[in-house]
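Read in full-length UniProt numbering, the sequence shown has 247 at position 247, and its numbers run on one by one without any break. We treat Cβ as the ideally placed atom computed from N, Cα and C, and that holds for glycine. None of these values were measured; they are calculated from a predicted model. Heads up, the thing below is written out as structure tokens.
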Amino acid sequence: MTLILLIVFILCLLFFMGRPKEGQMVLVFANIGAGKTTLLSRYAFKEQKKIKRGKSKYKQIVSNTPISDCIYVSDIHKLLNDFAPERTLFLIDEGGIVFNNRKMKLTDREIEYLKLIRHYDSKMVIVSQSYDDVDITIRRLYTNMYLLNKFIFGQTLIKPIRKFVTIEEETEQIIDAYAFRPIFSWGFLNRKNYYHMFDTKWKPDGRQQPEYKDFQVIPYRWKLNVYNKYIHPAFYRIKIRTIMFFMSLKRYIFSKRNI
């Protein structure tokens, strides 16, 4: 019995010690449907409880997707350009769209705020479908990274990733390297607990369903006759075998010449 309690104590110790403390810039990436927005809802749910008890360091929660009891701001760029929110938890859904690395839309005021986000006692959690589809300025500020994997029974596996600086041997360049943290630091997300906080089918305004009746549908029919069923496949097989024969003959002739 003592041995079992000791093992349980060690496992619990490793579990809590392995969990990294979150900083001001957090990235969560996963495939579609793995639970990214659901995880944002869990962030909101836990922080809202702290705010109501007066134990949170944030005054409000801002999100670019509608989540219960969060301030919905559709244009995060305008907010960061016009204001400098203090003690704010930002929940950014689809960061690859908001901070796309190809558009390079970040202004000087946005960059200034993001680099000084700790000075404003704020925090930003960004979810995206890939770790590198977000602007390079933000990628360099990440303090924590997580990969989500869809699991069984409505669960999502949360795998923390450690980012560190290393030197590439071939080029001798300083690069960022990544590694999964120990399994004891992994966690689970029960997605069904947070579905009531957001609309899983929410779509941004300004886009309409096209009227397909205005388009012409071209009918296509494959006539299954004797030629299509028997003659055409036979000719195709003969063609392939003929090509293979001449290729083999060519290799044989070249091998004889080399001898």
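Neighbourhood of G187 by C-beta distance below 6 Å, restricted to the same chain and skipping five residues each side: Along the sequence shown, one-based indexing puts residue 187 at 187. Within the same chain, and ignoring the five residues on either side of G187 in sequence, the residues whose Cβ sits closer than 6 Å to its Cβ are I158.
Where E211 falls, given that 16 or more other Cβ within 10 Å makes a residue buried: Taking the sequence shown and counting its residues from 1, the one referred to as residue 211 is at position 211. Result: exposed.
Rounded Cβ spacing between A44 and I67 (contact assumed at less than 8 Å): On the sequence shown, residue 44 is found 44 positions in, with the first residue counted as 1. On the sequence shown, residue 67 is found 67 positions in, with the first residue counted as 1. Contact between A44 and I67 holds: their C-beta atoms lie close to 5 Å from each other, under 8 Å.
Rounded straight-line distance, which links the Cα of Y230 to that of D135: Locating residue 135 in the sequence shown gives position 135, where the first residue counts as 1. Locating residue 230 in the sequence shown gives position 230, where the first residue counts as 1. For D135 and Y230, the distance between alpha carbons rounds to 56 Å.
Outcome for F29 when other beta-carbon atoms lying within 10 angstroms are tallied against a minimum of 16: Within the sequence shown, numbered from 1, the residue matching residue 29 stands at position 29. With 16 or more Cβ atoms within 10 Å of its Cβ, F29 is classed as buried.
Exposed unless 16 or more other CB atoms sit within 10 angstroms - verdict on Q173: Indexing the sequence shown from 1 puts residue 173 at position 173. By the beta-carbon neighbour count (other beta carbons within 10 angstroms, threshold 16), Q173 is exposed.
Under 8 Å between C-beta atoms of residue 260 and K59: The requested residue 260 is not part of the displayed model; the chain covers only 1 to 259.
Rounded distance between the beta-carbons of V127 and I71, thought under 8 Å: Reading the sequence shown from its first residue, position 71 is the one you call residue 71. Reading the sequence shown from its first residue, position 127 is the one you call residue 127. Incorrect: roughly 18 Å between the Cβ atoms, too far for contact.
Run of the alpha helix (DSSP H) containing F45, from where it starts to where it stops: Walking along the sequence shown from the start, residue 45 turns up at place 45. In the DSSP assignment, F45 falls within the alpha helix (DSSP H) that extends over 36-53.
Alpha-carbon spacing of D133 relative to F99, whole angstroms: Numbered from 1 along the sequence shown, position 133 holds the residue referred to as residue 133. Numbered from 1 along the sequence shown, position 99 holds the residue referred to as residue 99. Looking at the backbone, the Cα of D133 and that of F99 are separated by about 8 Å.
Own chain residues within Cβ distance below 8 Å of V73, not counting five before or after: The count along the sequence shown starts at 1 and reaches residue 73 at position 73. V62, S63, N64, L79, listed in sequence order.
Buried/exposed call for Y146, threshold 16 Cβ in 10 Å: As a position in the sequence shown, residue 146 is number 146, starting the count at 1. Label assigned to Y146: buried.
Exposed unless 16 or more other CB atoms sit within 10 angstroms - verdict on M247: Indexing the sequence shown from 1 puts residue 247 at position 247. M247 should be labelled exposed.
Residue from R42, L106, I167 with nearest C-alpha to F198: Your numbering for residue 198 matches position 198 in the sequence shown. Residue R42 holds the alpha-carbon nearest to the alpha-carbon of F198 among R42, L106, I167.
Beta-carbon proximity list for L89, same chain, < 6 Å, skipping 5 on both sides: As a first step, residue 89 is located in the sequence shown; it is residue number 89 there, counting from the start. Excluding positions up to five away in sequence, the list reads E47, Y58, I61, K123.
Simplified DSSP state of I67, which is helix, strand or coil: If you number the sequence shown from 1, residue 67 lands on position 67. The three-state secondary structure of I67, taken from DSSP, is strand.
Limits of the unbroken alpha helix (DSSP H) element including K115: The residue labelled residue 115 in the question sits at position 115 within the sequence shown. For K115, the enclosing alpha helix (DSSP H) begins and ends at 108-115.
Nearest candidate by alpha-carbon position, reference V26, set K105, R118, F83, K50: Position 26 of the sequence shown, counting from 1, holds the residue named residue 26. The shortest CA-to-CA distance from V26 to any of K105, R118, F83, K50 is the one to R118.
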